[in-house]
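Colleague:
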Amino acid sequence: MPARPIVVHPDCRLRTPSAAVNEFGVELNNLVQDLVDTLNATATGIGISAPQIGALQQVLVMDLSPERDTPEIYINPQILSRSTPALVEESCLSVPGVVGNVIRDTELCVEAQDATGKRFKRDLSGMHAVCLQHEVDHLQGRLFIDRLSFFRRMLLRLKFRRA
17 MPARPIVVHP DCRLRTPSAA VNEFGVELNN LVQDLVDTLN ATATGIGISA
67 PQIGALQQVL VMDLSPERDT PEIYINPQIL SRSTPALVEE SCLSVPGVVG
117 NVIRDTELCV EAQDATGKRF KRDLSGMHAV CLQHEVDHLQ GRLFIDRLSF
167 FRRMLLRLKF RRA
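Here it is as structure tokens:
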């Protein structure tokens with residue numbers, strides 16, 4: 017399937033919490049494939065969530081493999097535990113041109129479902145943990161810019177108003 021357009025801030029869909037997935041079938045598989053294709057079409061993205069392509073469902077895909085050929089699919093993800101906070105640099109496909117430092121936990125335990133509905137638990141660390149938190153924020157209607165310092169958020173608001 018072809019890549020879908022990325023929804024860009026300040027589109028209100030990025031601020032809307034996503035609904036849990038209850039039906040596992042062809043439509044969900046198509047959405048997952050669209051997410052994989054759209055992520056692969058980006059030059060720099062390592063993760064993408066359904067709201068970023070306009071679908072308000074709790075689905076995200078990450079691919080941190082060197083060849084970008086091992087997508088990880090998380091449906092209805094829930095972070096069960098977190099630890100080891102660190103200051104990390106983030107950017108976002110939906111907020112192009114903005115890079116900033118935010119605090120994220122670098123150790124997580126997450127529970128989610130795969131595309132067939134089967135539940136799984138996974139321990140994540142490092143950039144995998146950071147990426148998952150970033151994408152879960154999207155599913156909850158939050159952006160990484162919400163986690164920037166107060167001063168940096170004010171500067172960005174001025175920039176966005178001018179644009």
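The numbering used here puts the first residue of the sequence shown at 17, with every later residue one more than the last. Beta carbons are placed, not taken as given, at the ideal position from N, Cα and C, and that holds for glycine.
1) Using only alpha-carbon positions, find the residue among 52, 18 and 95 that is nearest to residue 150.
2) Could you name the residues of the same chain whose beta carbon sits closer than 6 Å to that of residue 63, not counting the 5 residues immediately before and after it, in chain order?
3) Give the C-beta separation of residue 54 and residue 22 to the nearest angstrom, bearing in mind that I take them to be a contact with Cβ-Cβ under 8 Å.
4) Would a C-beta distance cut-off of 8 Å place residue 99 and residue 121 closer than the cut-off?
5) Closest to residue 132 by CA distance: which of 38, 28 and 33 is it?
6) Does DSSP put residue 73 in a helix, in a strand, or in coil?
7) In the DSSP assignment, find the unbroken alpha helix (DSSP H) run with residue 137 in it and report its ends.
8) How big is the Cα-Cα spacing for residue 115 and residue 137?
9) In terms of residues, what are the limits of the beta strand (DSSP E) holding residue 98?
10) For residue 75, count the other beta carbons within 10 Å of its own beta carbon; 16 or more makes it buried, fewer makes it exposed. Which is it?
Modeller: In brief:
1) The shortest Cα separation from residue 150 among 52, 18 and 95 belongs to 95.
2) If we look at residue 63 and ignore the five residues flanking it on each side, its Cβ neighbours are 78, 147 and 151.
3) The pair is a contact, with the Cβ atoms about 7 Å apart (cut-off 8 Å).
4) yes
5) The candidate whose alpha carbon is nearest that of residue 132 is 38.
6) strand
7) It is not in any alpha helix (DSSP H) - residue 137 instead sits in the beta strand (DSSP E) that spans 135–141.
8) 31 Å
9) Bounds of the beta strand (DSSP E) holding residue 98 are 88–107.
10) Flag for residue 75 reads buried.
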